[in-house]
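Asker: Each protein sequence line maps, in turn, to chains D and W. Each position in the first sequence, counted from 1, maps to that position plus 863 in my numbering. To convert, note that position 160 of the second sequence is 152 in my numbering; the numbers rise steadily by one, no gaps. Ideal Cβ positions, reconstructed from N, Cα and C, are used throughout, including at glycine.
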Amino acid sequence: MRRLIPIALFLPLLVGCGNRNLILTVDILSFMDPSTRVVNYGPIPSGFPVDTVEVFSDSLNLLQGVGDVTRVASASLDIAASFDNTTGAGTGDVLIYFAAADSATPFTTTAIADVPFQLLAGQVTNVSTHIDASPALAEVLTHDRAKVGLRLIFNGTSFPIQGTETLTKLTATVVMKKDL
Amino acid sequence: MMKAGSVAIAVALCATLAGTAAGQTLDARRLGMGGVLTSDVGDHTGSNIAFRAVPKGTGGSGSIPLPLGLIQYLSDHPSFDSKDSTFNVYEIANVFLNPPLTIQLSKPSEVSGDISVYVAQDSLMVDLADVKRVIPEHSFKQGGVYHIGGIGKSFGRMFIQVSPLIHLRNELTLSDKLRDALKDAVPFTSNTRYGLTDEGRAQAAVSFQAGYAFRALHKASASESNSNDPRRNGSTALYLGGAPKYLLGIAYGDVHSIAGVTTGDTLFASGNPVTIDMDTQTRNALAGGDGGTGTGFGSDVGAVLYFQNFELGVGLNDFGSQIKWNTTVRRHVYDDVTNSFTTTVIARDEKFTSRIPVTTTVNVAKRIGRTTLAADVVKGDLRTSMHAGAEFWFGMIALRSGIYRDQNKMMQFAGGGGYRFGKLGLDLAIATNSRNIERERGAELSASLSLY
């Protein structure tokens, strides 16, 4: 995606044509491999009350050039996931990581989102959250590439824990101001 | 420096988006009559060469603009500092499109609001919000023929004149898909070309002109002994004028460009998701450079007939005006694979004849006592405008009103008044216009002195 959408490069100029913001909404989920949106977890047997599953780590191609003439005023993230838990029970956390493209792994950074969840056997659990004003997110989203990672942490109370996690929403919104 | 460049580009872009920019009428008397033109209102000699031969009447012989708008501008002008929170390139562009020589009574709300872009792997939607107002339904056209200043001397019915002449024309057309995406926020789709074409031309010359205007036909009226003004003495008279001109071409350039972006199967896929195409052909000549100077001839011709205080005038400026050049033709093609331009010289010293578009002015007027009713149609290179107005004198006080169809095909309204002090008059006019990037109606107050 070397040149991405050249039209997008036209936009910062328009942002300069007036006292306004450029509100960039990126459906990050759509850029991810569909297979990475769904992960089968478990079976987590008893004896492992805390288990970690790294769902994916992927590189994203973002809008290059936007950062050249704009500065980020704010950034936010909307995330939603669905757990179809077949057996076991427990609580847990969905952790989202963003890192610069040259990072070896996004998991070495501090998670920018932590979404708690609770699982019961035979139930579907939907979780979602909105993260506002994340400087780390703002930083990576104004570069043309970034890495994103998703990690699940399970705190089991009934075993074995097994099911399917589906990431249903991952949308970043960046508000940029002109910087001509 | 980069930022200054960005601002300059943004201003230029905004000015381009503005499309047409018509000249201001600084003559408040003419403006109050809707910008109408007659042999004694407005441009007395510029639009119809035959007006030169018509005796000076009671209707005035010239005007001196009073640029009161400068006071308003100095007290409240847009910020030119891009770091200023109030910085708005559209406001700056409007300063150029609508020079602050008149007092702005009302102006369109400034282009503001946030721009929203939604990006997914196979979806891109751009909502320009308020900026949509700037994008016209059809192509962006701008330009005109400009006779700037010059010096001249009259010898009775004859005159000679030397003046610069500049012709500019640019027409930028967005493809339907691109216009829909920008103006109506229609999502960009895969396997679609979003293109634009640009046709531009600029030429500059020095005009050496000699002219002759005279009364060709005359039938005296009973009241002619009291006044020699054919506008009001009821006589029948035909005045003709002609002014051939030699044109020394200084520079010529034109560009014909086609460019576009074609999306792939997926808008934001890996690799190169879009294919860029651009094919531009240029032709140029320049005094002291490629091709040297050009030479050509042209003319201004006109006629005006008076019959029972009715006036009918037809003026053709730059009639048959052409300039012959020795041009260099180049083609610039963008290679999407190598991400570079290839320039090929197609021809050197190729003979080319450029045309200066004719400007046709047809005016009618009827004087009834001290009342003047008038209308005109002015057809130029890019647009046709129409004006109609009236002037009523009550002693030393004049009342005026008028309407006109402007360059944006909008009806505008005008009114004003004046007071005459002997050989001098003070005129005020309020008129609407759409000389702004939003192409929306605003109102201005103009002031000038009339010479009688």
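(1) Exposed or buried, which one is leucine 29 of chain W when buried takes at least 16 other CB atoms within 10 Å?
(2) Taking only runs that begin and end inside the region 277 to 316 of chain W, name each unbroken beta strand (DSSP E) of 3 or more residues, in chain order.
(3) From the DSSP output, in three-state form, read off serine 898 of chain D for me.
(4) I want to see whether chain W comes within less than 8 Å of isoleucine 886 of chain D, judged by CB atoms only; does it?
(5) Based on Cα-Cα distance, which residue from D:Asn1018, D:Thr971 and D:Val990 lies nearest to glycine 951 of chain D?
(6) At 4 residues or longer, and completely inside the region 962 to 1013 of chain D: list those alpha helix (DSSP H) runs for me, N to C.
(7) Under three-state DSSP, which class holds arginine 431 of chain W?
(8) Could you run through the region 94 to 112 of chain W and flag, in chain order, every residue whose CB is less than 9 Å away from some CB of chain D?
(9) Between phenylalanine 260 of chain W and chain D, is any beta-carbon pair separated by less than 8 Å?
(10) To the nearest angstrom, how far is it from the Cα of phenylalanine 132 of chain W to the Cα of proline 91 of chain W?
(11) Can you confirm whether aspartate 114 of chain W, when its beta carbon is compared against all beta carbons of chain D, has any partner nearer than 8 Å?
(12) Which residue wins for smallest C-alpha separation from threonine 334 of chain W, given the options W:His130, W:Val154 and W:Thr272?
(13) Alpha carbon to alpha carbon, how far is threonine 1020 of chain D from asparagine 989 of chain D?
(14) What is the DSSP secondary structure of asparagine 86 of chain W, counted as helix, strand or coil?
(15) Look at tyrosine 238 of chain W and phenylalanine 200 of chain W and say whether their C-beta atoms are less than 8 Å apart.
(16) What is the rounded straight-line gap between the Cα of glycine 305 of chain W and the Cα of leucine 443 of chain W?
(17) Assuming arginine 1008 of chain D and threonine 915 of chain D form a contact by the criterion Cβ under 8 Å, report the distance between their Cβ atoms to the nearest whole angstrom.
(18) Note down, in chain order, every chain W residue with its Cβ under 8 Å from the Cβ of phenylalanine 894 of chain D.
(19) Could you check the C-alpha separation between glutamate 303 of chain W and proline 59 of chain W for me, to the nearest Å?
(20) Mind pulling the chain W residues with CB within less than 8 Å of aspartate 890 of chain D?
(21) So what's lysine 124 of chain W in DSSP terms, helix, strand or just coil?
(22) Mind checking glutamine 300 of chain W: buried by the 16 CB within 10 Å criterion, or exposed?
(23) Excluding the 5 residues preceding and the 5 following glutamine 981 of chain D in the sequence, name in chain order all residues of the same chain whose CB lies nearer than 6 Å to its CB.
(24) What residues match up with tyrosine 444 of chain W in a beta bridge as DSSP calls it?
(25) Would alanine 202 of chain W and alanine 235 of chain W qualify as a contact pair, given that the criterion is a beta-carbon distance under 8 Å?
(26) Which residue from W:Gly407, W:Gln399, W:Gly410 and W:Gly226 puts its Cα closest to that of leucine 89 of chain W?
(27) By how many angstroms is the C-alpha of threonine 254 of chain W removed from the C-alpha of glycine 381 of chain W?
(28) Okay, do the region 105 to 118 of chain W and the region 144 to 155 of chain W touch, 3+ Cβ pairs below 8 Å being the bar?
(29) Hey, would you say lysine 169 of chain W sits closer than 8 Å to lysine 124 of chain W, going by beta carbons?
(30) Got a sec? Which residues, its chain only, sit under 6 Å from threonine 888 of chain D by beta carbon, not counting five neighbours each side?
(31) Write down the C-beta distance between arginine 207 of chain W and tyrosine 231 of chain W rounded to the nearest angstrom, noting that I regard them as a contact closer than 8 Å.
(32) Rounded C-beta distance between valine 356 of chain W and proline 222 of chain W? I'm assuming under 8 Å.
(33) So, helix, strand or coil for aspartate 890 of chain D, using DSSP?
(34) Excluding the 5 residues preceding and the 5 following asparagine 225 of chain W in the sequence, name in chain order all residues of the same chain whose CB lies nearer than 6 Å to its CB.
Answerer: This is what the structure gives:
(1) Counting every other CB atom within 10 Å of its CB across the protein chains shown gives leucine 29 of chain W a total of 16 or more, marking it as buried.
(2) List check, beta strand (DSSP E) in window: 286 to 299.
(3) Correct three-state label for serine 898 of chain D: helix.
(4) For isoleucine 886 of chain D, the answer is yes, since a Cβ of chain W falls inside 8 Å of its Cβ.
(5) Among D:Asn1018, D:Thr971 and D:Val990, the Cα nearest to that of glycine 951 of chain D is on D:Asn1018.
(6) Annotation note: the region 962 to 1013 of chain D contains the following uninterrupted alpha helix (DSSP H) runs of length 4 or greater, listed N- to C-terminal: 998 to 1004.
(7) If DSSP states are grouped into helix, strand and coil, arginine 431 of chain W belongs with coil.
(8) Answer set for the region 94 to 112 of chain W: Glu102, Val103, Ser104, Gly105, Asp106, Ile107, Ser108, Val109, Tyr110, Val111 and Ala112.
(9) Answer yes: the Cβ-Cβ gap between phenylalanine 260 of chain W and chain D drops below 8 Å somewhere.
(10) For the pair phenylalanine 132 of chain W and proline 91 of chain W, the Cα-to-Cα distance works out to about 20 Å.
(11) Contacts with chain D at 8 Å (Cβ-Cβ) include aspartate 114 of chain W.
(12) The candidate whose alpha carbon is nearest that of threonine 334 of chain W is W:Thr272.
(13) The straight-line gap from Cα to Cα measures roughly 19 Å.
(14) The answer is helix: DSSP assigns asparagine 86 of chain W an H, G or I state.
(15) Contact check for tyrosine 238 of chain W against phenylalanine 200 of chain W passes: the beta carbons are separated by less than 8 Å.
(16) In this model, glycine 305 of chain W and leucine 443 of chain W are separated by some 22 Å (Cα to Cα).
(17) No, arginine 1008 of chain D and threonine 915 of chain D are not in contact; Cβ-Cβ is about 26 Å, not under 8 Å.
(18) Taking a Cβ-Cβ threshold of 8 Å, the residues of chain W close to phenylalanine 894 of chain D are Ala112, Gln113 and Phe260, in chain order.
(19) Distance between the alpha carbons of glutamate 303 of chain W and proline 59 of chain W is about 31 Å.
(20) Chain order gives the chain W residues near aspartate 890 of chain D as Tyr110, Val111, Ala112, Gln113 and Ser115, where near means a beta carbon separation below 8 Å.
(21) DSSP places lysine 124 of chain W in helix when its eight states are reduced to three.
(22) So glutamine 300 of chain W counts as exposed.
(23) Cβ neighbours of glutamine 981 of chain D beyond the five flanking positions: Thr954.
(24) In the DSSP secondary-structure assignment, tyrosine 444 of chain W is not bridged to any residue.
(25) When the beta-carbon positions are compared, alanine 202 of chain W and alanine 235 of chain W come within less than 8 Å of each other.
(26) For leucine 89 of chain W, the closest C-alpha among the options W:Gly407, W:Gln399, W:Gly410 and W:Gly226 is that of W:Gln399.
(27) Near 51 Å, if we compare the C-alpha coordinates of threonine 254 of chain W and glycine 381 of chain W.
(28) Between the region 105 to 118 of chain W and the region 144 to 155 of chain W, the count of C-beta pairs closer than 8 Å stays below three; the two stretches do not touch.
(29) No.
(30) The answer, listed in chain order, is Thr1036.
(31) Sure, about 5 Å apart at Cβ, within 8 Å.
(32) Not a contact, Cβ separation roughly 15 Å.
(33) In this structure, aspartate 890 of chain D counts as strand in the three-state DSSP scheme.
(34) The answer, listed in chain order, is Ser213, Ser215, Glu216 and Ser219.
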